[in-house]
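Counting from 234, one number per residue, gives the positions in the sequence shown under this note's numbering.
Using N, Cα and C, we set each Cβ at its ideal position, and we do this for glycine too.
Keep in mind it's a predicted model, so treat the numbers as computed, not measured.
The structure appears right after this line, and notes come after that.
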Amino acid sequence: APPTLPKVAYLYMLQSQGLLHDTYLYGVDVKKILPTYLNPTEVMDGAIVSGNCVSACDKNTTYH
Numbered sequence: 234a235p236p237t238l239p240k241v242a243y244l245y246m247l248q249s250q251g252l253l254h255d256t257y258l259y260g261v262d263v264k265k266i267l268p269t270y271l272n273p274t275e276v277m278d279g280a281i282v283s284g285n286c287v288s289a290c291d292k293n294t295t296y297h
């Protein structure tokens with residue numbers, strides 16, 4: 234990266250509560266993985282997906 238760019242890190246905390254409330258990273262339930270480094274473009278391209286299966290008013294969306 235060019236030295237003029239700021240050095241920034243972002244910690245993205247994922248929550249996976251169990252049956253019908255899981256979150257997936259590249260299709261793997263996040264309860265089964267260790268902390269992982271991702272490129273920001275991977276997140277924007279949909280690497281993290283909400284598997285929440287409840288009524289629409291209670292969903293955690295993939296994108297806000």
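*Along the beta strand (DSSP E) that carries Thr237, what are the first and last residues, could you check?*
Thr237 -> no beta strand (DSSP E), and no H or E assigned at all.
*Where does Thr269 sit, in a helix, a strand or coil, going by DSSP?*
coil
*Ordered along the chain, which non-local residues of its own chain (more than five positions away) have a Cβ less than 7 Å from that of Gly284?*
Asp255, Thr256, Tyr257
*Determine the contact status of Ala280 and Tyr259, defining contact as a CB-CB distance below 8 Å.*
yes
*If you draw a straight line from the C-alpha of Leu253 to the C-alpha of Thr269, how long is it?*
23 Å
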